[in-house]
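The sequence shown maps to residues 1 to 195 in UniProt numbering.
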Amino acid sequence: MTVYIDSAGRAGRALSARVQPERDNVGAWTEAARPALAVVEEATPDLQIAERAVATLTGGAVAGDAAADGAWSGGRGPGGRGDALDRAVTLLPQLTGGPIRLPEVAAAVSLSPSRLRHLFSERLGLPFTAYVRWVRLRATMHTVREGGTLTQAAHAAGFTDSAHLTRVCRAMFGITPTQAARAAGWHPPRHRHPR
């Protein structure tokens, strides 16, 4: 299971507050995450487990903010009704090869851009743009996992180039895409130079 907690969202702010004043101490973050590991290990990963892990991480201050890997498959999301937010979340991975614009996504799910923006913040706990970055990074991970190079993955996910992918990955996770792939046990193919 992959759970992304954006620092700009409610869960990210609540978690940051729990590790103050040691925000720059990796050990403090590791210790703060330890209780969530027990939650994740006790059952098959799904949205409810992800939400319980987030609630554990934030001291119960935030619920329903987990953007979990695969959480909205089948169009059954946070409300379980297949509503407009569910349709938008399901649509976004299909759009990663090009620009993703809020007005176009909103029109596709029959909402105004301001209403869709509000739903992302209210129900997912993070801004639309942050969720789009996460979707693009997931698409990148998928391409690398399937054997593509980071450059191929960057282009397939809608990044301008691998440098753009690296900047986004470093901003979101503090590590490069290569480091993330290796940490996940995937080994991107190396470029072979002609002899």
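Glycine included, every Cβ here is placed at the ideal spot set by N, Cα and C.
- Contact between the stretch 105–120 and the stretch 162–177 is absent: fewer than three C-beta pairs spanning the two stretches fall below 8 Å.
- In this structure the stretch 148–160 does not lie against the stretch 34–41, because fewer than three pairs of beta carbons, one per stretch, are closer than 8 Å.
- Under the three-state reduction of DSSP, Arg133 is assigned to helix.
- For Pro35, the number of other beta carbons within 10 angstroms of its own is below 16, and it is reported as exposed.
- Contact check for Thr96 and Gly158: beta-carbon distance about 5 Å, within the 8 Å limit, so the pair qualifies.
- Shown here, Val168 sits in a helix according to DSSP, grouped into three states.
- Inter-segment contact for the stretch 176–184 and the stretch 139–149 is present: three or more beta-carbon pairs are separated by less than 8 Å.
- If the five residues before and after Phe173 are omitted, its C-beta is found closer than 8 Å to the C-beta atoms of Ala180, all from its own chain and listed in chain order.
- Short of 8 Å from the beta carbon of Gly98, and not among the five residues preceding or following it, lie these beta carbons of its own chain, in chain order: Gly158.
- For Ala106, the uninterrupted alpha helix (DSSP H) run begins and ends at 102–108, by DSSP.
- Under the DSSP assignment, Leu92 falls outside any alpha helix (DSSP H); it carries neither an H nor an E label.
- Under the three-state reduction of DSSP, Leu111 is assigned to coil, being neither helix nor strand.
- By the criterion of a C-beta distance shorter than 7 Å, Ala108 is surrounded in its chain by Leu91, once the five residues flanking it on both sides are discounted.
- Pro113 places its beta carbon less than 9 Å from that of Pro103.
- Sequence-distant Cβ neighbours of Ala28 in its own chain, meaning closer than 7 Å and more than five residues away, are Val19, Glu22.
- The beta carbons of Pro127 and Gly9 sit closer together than 9 Å.
- DSSP places Asp86 within a helical segment (H, G or I) once states are collapsed to three.
- Look at Gly12 here: in three-state DSSP terms it is helix.
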